[in-house]
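**Q**
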Amino acid sequence: MLPRSGIHLPKGEKEQQEAIEHIDEEQNEIDRLNEQASEEILKVEQKYNKLRQPFFQKRSELIAKIPNFWVTTFVNHPQVSALLGEEDEEALHYLTRVEVTEFEDIISGYRIDFYFDENPYFENKVLSKEFHLNESGDPSSKSTEIKKWKSGKDLMKRSSQTQNKASRKRQHEEPESFFTWFTDHSDADDIWPNPLLYYLVPDMDDEEGEEDDDEEEGLEDIDEEGDEDEGEEDEDDDEGEEGEENEGEDD
22 MLPRSGIHLP KGEKEQQEAI EHIDEEQNEI DRLNEQASEE ILKVEQKYNK
72 LRQPFFQKRS ELIAKIPNFW VTTFVNHPQV SALLGEEDEE ALHYLTRVEV
122 TEFEDIISGY RIDFYFDENP YFENKVLSKE FHLNESGDPS SKSTEIKKWK
172 SGKDLMKRSS QTQNKASRKR QHEEPESFFT WFTDHSDADD IWPNPLLYYL
222 VPDMDDEEGE EDDDEEEGLE DIDEEGDEDE GEEDEDDDEG EEGEENEGED
272 D
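Per our numbering, the very first residue in the sequence shown carries number 22; after that it's consecutive.
1) Between E156, E120, N49, A103, which lies nearest to F76 when the distance is taken from Cα to Cα?
2) For K32, does the count of other Cβ atoms within 10 angstroms reach 16, so buried, or fall short, so exposed?
3) Determine the DSSP secondary structure at D109, reduced to helix, strand or coil.
4) Buried or exposed, going by whether 16 or more other CB atoms sit within 10 Å of the CB of E241?
5) Quick check: the Cα distance between E36 and P160, rounded to an integer number of angstroms?
6) Measuring straight from C-alpha to C-alpha, what distance separates V96 and E47?
7) Which of helix, strand or coil does DSSP assign to P31?
8) Assign K186 to buried or exposed, taking buried as 16 or more other Cβ atoms, counted over all protein chains shown, within 10 Å of its Cβ.
9) Give me whichever residues DSSP pairs with D134 in a beta bridge.
10) Distance, Cα to Cα, K146 vs R132?
11) Quick check on the burial criterion: 16 or more other C-beta atoms within 10 angstroms. Buried or exposed for E43?
12) Buried or exposed: Y19, going by 16 or more other Cβ atoms within 10 Å of its Cβ?
13) By Cβ distance below 7 angstroms, which residues in the same chain neighbour R118 in space, the five residues on each side in sequence not counted?
14) S102 to I41, Cα distance in whole Å?
15) Around the C-beta of K150, are 16 or more other C-beta atoms found within 10 angstroms, so that it is buried, or is it exposed?
16) Let me confirm a value: L63 is counted as buried when at least 16 other C-beta atoms fall within 10 Å, else exposed. Which label applies?
17) For the candidate residues I51, Q57, L54, T122, whose alpha-carbon lies nearest to that of N70?
18) If you reduce the DSSP assignment to three classes, tell me which class S207 lands in.
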């Protein structure tokens, strides 16, 4: 609590009080600049979001030519893969396109659309999830409700039953269904900028493995060369010893 004006303070405390007041003034300026920066950054984001759209569109067209691109990408993503059961992977083989749409003012949120071919699991062609900031500034979301699960194919219900059985048996719980994500909070900021990064994970691992093999082979070659050199040195030593013995016999 700041002391009332007019109250005499010792010199040390007075200097501290003045410093606190100056700090408060500087902080107000910092806050003002931060607010100004946010407004300018928002304008830049809006500009470049529009510039990126044609490239996102072209990328989607190219991705459509690669079978199972999105399910492979999700399986290789460390956080998303934790949500995938075997049947989730099967269902995601029918996922053909993923799109993220920023709302016009960006700061208010974005929408993720998942496009599916006809499949044996549900009748929805598009599943969507929107993310917003509510009046208090906290994130909130709303999603497409998957009402049209086909008979015996409700993966969310099956996931719940599997977890209940596992907990009763004190076994390791199965992952929740990926489709329960539509009732939870998450974001697309990791995958969306460059999904190819996760699609190519196995190939990258193979390349690293080949490099490791090359290094091991190189080390083996060095060891073998070292053994050969040691062998040659031993032969030279033996020849030297034999020569000395022969000289002794001649004497």
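Glycine is no exception: its CB is placed at the ideal position from the N, C-alpha and C atoms.
**A** On the basis of the supplied data:
1) Counting from 1 along the sequence shown, the entry for residue 76 is found at position 55. Answer by Cα proximity: E120.
2) As a working mapping, residue 32 is identified with position 11 in the sequence shown. Answer is exposed; the Cβ neighbour count stays below 16.
3) For this step, residue 109 is matched to residue 88 along the sequence shown. Helix at D109.
4) Counting from 1 along the sequence shown, the entry for residue 241 is found at position 220. Residue placement at E241 is poorly supported in this model, since its pLDDT is 48, which falls under 50; the coordinates are not used for a value here.
5) Indexing the sequence shown from 1 puts residue 36 at position 15. Indexing the sequence shown from 1 puts residue 160 at position 139. The alpha-carbon atoms of E36 and P160 are separated by roughly 43 angstroms.
6) Numbered from its first residue, the sequence shown carries residue 96 at position 75. Numbered from its first residue, the sequence shown carries residue 47 at position 26. V96 and E47: Cα-Cα distance of roughly 49 angstroms.
7) Residue 31 sits at position 10 when you count from the first residue of the sequence shown. In this structure, P31 counts as coil in the three-state DSSP scheme.
8) On the sequence shown, position 165 is the one that residue 186 refers to. Residue placement at K186 is poorly supported in this model, since its pLDDT is 43, which falls under 50; the coordinates are not used for a value here.
9) By 1-based counting over the sequence shown, the position of residue 134 is 113. Its beta-bridge partners are E120, S149.
10) Your numbering for residue 146 matches position 125 in the sequence shown. Your numbering for residue 132 matches position 111 in the sequence shown. Taking the straight line from one Cα to the other gives about 16 angstroms.
11) As a working mapping, residue 43 is identified with position 22 in the sequence shown. Note on identity: in this sequence residue 43 is His, with Glu being the wrong assignment. Burial call: exposed.
12) In this structure the chain extends from 22 to 272, so residue 19 is not present and cannot be described.
13) On the sequence shown, residue 118 is found 97 positions in, with the first residue counted as 1. The residues are S81, A85, Y136.
14) Residue mapping note: residue 102 aligns to position 81 of the sequence shown, counting from 1. Residue mapping note: residue 41 aligns to position 20 of the sequence shown, counting from 1. The alpha-carbon atoms of S102 and I41 are separated by roughly 50 angstroms.
15) Sequence index remark: in the sequence shown, residue 150 carries index 129 (1-based). The residue in question, K150, is buried, as its Cβ has 16 or more Cβ neighbours within 10 Å.
16) By one-based count along the sequence shown, residue 63 stands at place 42. Burial call: exposed.
17) Mapped onto the sequence shown, residue 70 falls at position 49. Answer by Cα proximity: T122.
18) As a working mapping, residue 207 is identified with position 186 in the sequence shown. Note that S207 scores 49 on pLDDT, short of 50, meaning its location in the model is unreliable and no value can be drawn from it.
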